[in-house]
Amino acid sequence: SNPTPCNDPPDKLFTVHGLWPSNKNGPDPEKCKNIQMNSRKIGNMTAQLEIIWPNVLNRTDHVGFWEREWLKHGTCGYPTIRDDMHYLKTVIKMYITQKQNVSAILSKAMIQPNGKNRSLVDIENAIRSGTNNMKPKFKCQKNTRTTTELVEVTLCSDRDLTKFINCPQRSQGSRYLCPADVQY
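The following block contains the structure:
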């Protein structure tokens, strides 16, 4: 909804925002190395990435978005993330084979994106049931005086990207904190 400038995918899926290392305390690492992505190597991954990891602000520049995400976050993932193509392949693997597809998890729990208010606890419980009972992190955004939308769900993994872990929670006073009921 407005004022968000993104171009929502027509099927209303949660898509990947990014894959980046984080710190339990303090700011997340950024721009650890100045290693450019070799975008010519993306090749047959493009179609999958455009669906699961689109540039929602500019649907004509997915590659530029992935390049920026790699430079800002992916370069900080070494040694778990070996290089730029491993970074992209890891996103695909986590989304498709490790079941980090939030839309599919919610759909399985009969929670559909229909623009109605939902209990955040119901959404959290559905996600926890799909992630070995690990706590996700939510980001919400007020779209009117009375309505707050769920705009982002973060799933957290261990250092080796092999299992889900509980996500650190937003601090009180964050402008992205979610109320008990959210629109989804």
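Under my numbering, think of the first position of the sequence shown as 28, with each following residue one higher. Built from N, CA and C at the ideal position, the CB exists for glycine as well.
- Closest in C-alpha terms to Y211, from the list Q75, E179, D185 and H100, comes E179.
- Per DSSP, the unbroken alpha helix (DSSP H) holding R155 starts and ends at L147 to S156.
- The DSSP-derived three-state label of I123 is helix.
- Taking a C-beta distance under 8 Å as the contact criterion, T181 and P163 qualify as a contact pair.
- If you compare the alpha carbons of C194, D149, L188 and W97 with that of M121, the shortest gap goes to L188.
- Runs of the alpha helix (DSSP H) lying entirely within the stretch 34-105 and spanning at least 4 residues, in chain order: 73-79 and 89-99.
- Taking a C-beta distance under 8 Å as the contact criterion, W47 and H100 qualify as a contact pair.
- Distance from the Cα of N50 is smallest, within the candidate group G200, Y203, N193 and P206, for N193.
- Check the Cα spacing between T42 and each of V148, N82 and P56: the tightest is with N82.
- For the pair of segments examined, the stretch 105-119 was found to touch the stretch 51-70: the number of CB pairs separated by less than 8 Å reaches three.
- The criterion of a C-beta distance shorter than 8 Å is satisfied by L177 and I150.
- Cβ atoms of K143 and L98 stay farther apart than 8 Å, at about 39 Å.
- L133 is not a Cβ neighbour of V209, given a cutoff of 8 Å.
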